[in-house]
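Heads up, the thing below is written out as structure tokens.
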Amino acid sequence: MPTLLETILYTPDPVATARFYAEVVGLRLLEEPSERMAVLRVSEASVLLLFEPTWSGRPGRDVPSHGATGPGHVAFRVDDLDAWPARLAEHGVEIEREVAWPTGFFRAGRSIYFRDPAGNSVEVMDADIWPA
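Residue numbers for the sequence shown follow my numbering, so the first one is -16 and each next one is one higher.
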């Protein structure tokens, strides 16, 4: 079975958005961000890439052009979900929604949703809610 290596979100300002993911979410920058992109370590096996969409969508690069319009979404499992409201408030980040997931198709768990500086939806959750 493949392992997810990269997740990409698009932002007009990779530097500011990378700072948000480092300071608020707690990811580790792997290199100094540029106006084109940023790379942050999520886990031993995966990274979050932040790309400026007009650059990543330009043809003729080393890799095929890609991009998206509108807000994206990323979710992180965290061990200390109860600490996140205070953490977000400390950074001036508004909670958009809190959800308690019932048992059913997926496992019970809780999520907190908020937005990054580019408007992408960020979710932190206290469980792996998806069935194995």
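Yeah, the Cβ is synthetic: ideal placement off N, Cα and C, and Gly gets one too.
Quick caveat, the model's predicted, so the values are computed rather than measured.
By the criterion of a C-beta distance shorter than 6 Å, residue 13 is surrounded in its chain by 22 and 24, once the five residues flanking it on both sides are discounted. For residue 73, the enclosing alpha helix (DSSP H) has its first and last residue at 67 to 73. Between the alpha carbons of residue 109 and residue 10 lies a gap of roughly 17 Å. Residue 2 has its alpha-carbon roughly 10 Å from the corresponding atom of residue 100.
Apart from the 5 residues on each side of it in sequence, residue 93 sits with its Cβ closer than 8 Å to the Cβ of 64, 81, 82, 83, 84, 108, 109 and 110 in its chain, given in chain order. When the five nearest sequence neighbours on each side are left out, the beta carbons in the same chain lying within less than 6 Å of the beta carbon of residue 54 are those of 102, 103 and 104, in order along the chain. When secondary structure is reduced to three states using DSSP, residue 29 falls in the coil class, being assigned neither helix nor strand. Excluding its 5 nearest sequence neighbours in each direction, residue 4 has C-beta neighbours in its own chain below 6 Å: 10 and 23, listed in chain order.
With contacts defined by Cβ atoms closer than 7 Å, residue 6 and residue 19 do not form a contacting pair. Listed as beta-bridge partners of residue 20 by DSSP are 34.
Per DSSP, residue 98 is not a residue of any alpha helix (DSSP H); the beta strand (DSSP E) it occupies stretches across 92 to 98. At the C-beta level, residue -7 and residue 51 come within 7 Å of one another.
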